[in-house]
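Residue numbers (this note's numbering): 2 to 598. Below you'll find the structure, written out as structure tokens, and then a few comments.
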């Protein structure tokens with residue numbers, strides 16, 4: 002009986018321990034903005050729900066504006082990297098007192114009781130008087146005085162395009178907490194991670210300003226020379242706003258998906274107005290496509306706002322620079338809008354999974370450009386991502402690649418982070434389509450979105466969805482492509498040209514195994530496909546019913562050579578090609594083809 006009871010308790014708590022949970026933080030923020038001094042006072046309540054099994058004895062809150070001070074970690078990191086971001090360089094080190102950013106915490110309370118706190122750079126550490134028990138909540142109240150820095154990276158005032166305020170990462174924001182504990186990483190200009198919640202934000206600012214923001218505009222009240230803008234947003238994990246007295250504000254409704262698109266931009270030239278007007282219909286077309294291809298956008302509003310220093314995603318909005326050629330303007334809008342799927346709804350921890358955030362967005366952006374706007378971008382019809390592959394190969398020749406498991410803050414170079422997160426991350430999906438078939442890839446992307454929206458998925462959650470959709474084992478692919486810098490390199494060698502057949506060998510020169518597709522081109526220009534599955538896949542991809550495909554026995558990854566005899570008694574062979582669509586990231590494709598004389 003005792004053994005049975007012990008087993009029951011063990012199984013019950015084991016299941017409980019590994020069940021999914023996530024924290025929640027609801028924000029009520031009121032700020033009064035002084036545009037003459039670029040400062041504001043804030044009163045902020047955070048209702049924090051501890052859904053974990055842990056008792057929390059402290060909390061951590063990000064103070065991002067503190068990064069924009071000489072000597073900050075962000076400043077030092079930028080000045081010591083071998084390839085600093087050109088937007089940052091040494092600019093922080095040269096900021097004057099009126100140009101820096103800061104948050105000065107004047108009061109912090111838990112359920113009405115004052116708390117001791119300690120600030121280290123961009124992180125506020127708070128010891129709790131009353132530990133926060135599992136499945137309980139606390140109300141944290143803050144009062145603060147803040148200064149908006151000169152716009153250097155993402156957030157700030159007076160951007161190079163003349164936008165007064167780009168207000169990103171502008172408020173004290175509680176850090177992410179999950180099964181790995183707190184993620185209170187110092188801000189050095191890379192990634193973000195925070196809990197889901199609801200936001201009620203009031204911004205009191207001079208009436209000359211037009212404000213665009215996350216959420217729906219709930220009210221707009223005049224108070225003498227000021228206007229109080231109140232925005233509300235549900236099920237988001239951040240809040241952005243921007244303000245400028247010269248914004249043109251256009252709205253385009255997309256009734257098919259109950260969406261209003263908002264566009265905020267300065268009408269500085271006829272060319273710029275022409276581009277931003279043209280952008281509106283294309284953005285609507287894109288959202289209709291996104292909804293069908295990747296899953297339904299869950300909000301009723303999305304804003305494209307001129308601001309910031311490039312392109313940056315936020316819930317229900319993006320800040321982009323607006324003085325661009327039209328292809329560039331459309332491209333950055335597509336990219337940032339797709340972040341509404343890959344990060345704003347599928348809220349991965351970007352610090353560890355930037356390749357899921359930027360890579361998935363880059364892949365779906367290129368697919369969208371090919372499917373909807375190829376008259377503008379002229380992408381390769383066989384593989385629209387071929388330029389991404391070439392960029393990746395060029396980077397490999399530099400010898401500075403780092404595994405994608407590297408924390409985003411700790412890459413040795415900006416280039417390794419950028420190519421890894423954006424390019425190698427995009428190839429991860431493209432190559433996965435090669436492994437399981439593109440139809441199943443897109444089916445899997447939709448299922449992943451529907452199963453994990455409004456949560457914090459990780460790499461294992463994603464690959465498990467793809468395994469369920471494809472019926473294949475895919476952990477090997479995740480481990481190799483993400484966890485290592487092993488390379489793919491296969492070659493073909495003709496061993497014997499006989500009258501009725503060819504003897505060839507497929508040679509694995511690289512250290513990463515892959516299933517192999519081989520195209521046989523005959524002298525009459527007909528084709529057939531040979532597919533060699535990888536044994537650790539425990540199956541093979543499904544081809545289209547009309548394809549002439551011969552499935553061969555599995556290739557066990559420990560074997561360097563796979564011998565193959567190809568029949569040519571009825572038709573003579575002209576060429577044999579590995580990876581004929583160039584969707585496998587083979588680092589040396591020049592030896593992937595045999596021409597038969």
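Glycine residues also receive a C-beta, built at the ideal position from the N, C-alpha and C atoms. This structure is a prediction, so every number in the text was calculated from the model and none was measured.
Helix, strand or coil for residue i, going by three-state DSSP, please let me know.
i: residue 582; result: coil
i: residue 529; result: strand
i: residue 132; result: strand
i: residue 286; result: helix
i: residue 538; result: helix
i: residue 230; result: strand
i: residue 9; result: Confidence in residue 9 is poor, its pLDDT being 45 and thus under 50, which makes the residue's placement too unreliable to answer from.
i: residue 405; result: coil
i: residue 410; result: helix
i: residue 174; result: strand
i: residue 61; result: strand
i: residue 89; result: coil
i: residue 325; result: coil
i: residue 191; result: coil
i: residue 445; result: helix
i: residue 197; result: strand
i: residue 551; result: strand
i: residue 387; result: helix
List the endpoints of the continuous beta strand (DSSP E) containing residue i.
i: residue 564; result: 562–568
i: residue 118; result: 118–121
i: residue 494; result: 491–498
i: residue 142; result: 137–148
i: residue 367; result: First-last for residue 367: 361–378, but that is the alpha helix (DSSP H), not the beta strand (DSSP E).
i: residue 305; result: 302–307
i: residue 296; result: No beta strand (DSSP E) holds residue 296; DSSP gives it neither H nor E.
i: residue 84; result: That residue, residue 84, is in no beta strand (DSSP E); it is neither H nor E in DSSP.
Any idea if residue i is buried or exposed, counting beta-carbon neighbours within 10 angstroms, 16 or more meaning buried?
i: residue 2; result: Any reading at residue 2 is ruled out, since the residue's pLDDT is 49, under 50, leaving its predicted position unreliable.
i: residue 216; result: buried
i: residue 223; result: exposed
i: residue 349; result: buried
i: residue 259; result: exposed
i: residue 512; result: exposed
i: residue 557; result: exposed
i: residue 372; result: exposed
i: residue 100; result: buried
i: residue 412; result: buried
i: residue 58; result: exposed
i: residue 134; result: exposed
i: residue 554; result: exposed
i: residue 438; result: buried
i: residue 457; result: buried
i: residue 182; result: exposed
i: residue 539; result: exposed
i: residue 495; result: exposed
i: residue 250; result: exposed
i: residue 5; result: With a pLDDT of only 48 at residue 5, under 50, the local geometry of the prediction cannot be trusted, and no value is derived from it.
Based on the DSSP secondary-structure assignment, which residues constitute the bridge partners of residue i?
i: residue 30; result: 45 and 202
i: residue 556; result: 535
i: residue 217; result: 233
i: residue 254; result: 261
i: residue 222; result: 229
i: residue 456; result: 347
i: residue 184; result: 177
i: residue 242; result: 168 and 214
i: residue 248; result: 267
i: residue 502; result: 568
i: residue 154; result: 156
Start and end of the alpha helix (DSSP H) containing residue i?
i: residue 352; result: 351–355
i: residue 264; result: Not the alpha helix (DSSP H): residue 264 falls in the beta strand (DSSP E), residues 260–267.
i: residue 417; result: 415–419
i: residue 427; result: 426–437
i: residue 317; result: Segment: none, residue 317 is in no alpha helix (DSSP H) and carries neither H nor E.
i: residue 22; result: Where residue 22 is concerned, there is no enclosing alpha helix (DSSP H), given that its DSSP letter is neither H nor E.
i: residue 160; result: That residue, residue 160, is in no alpha helix (DSSP H); it is neither H nor E in DSSP.
So, using beta-carbon positions, are residue i and residue j closer together than 8 Å?
i: residue 465; j: residue 295; result: no
i: residue 289; j: residue 257; result: yes
i: residue 340; j: residue 188; result: no
i: residue 533; j: residue 563; result: yes
i: residue 351; j: residue 194; result: yes
i: residue 29; j: residue 45; result: yes
i: residue 25; j: residue 50; result: yes
i: residue 386; j: residue 364; result: yes
Taking only beta-carbon atoms, is residue i less than 8 Å away from chain C?
i: residue 596; result: Checking the listed chains, one finds no chain C in this structure; it contains a single protein chain.
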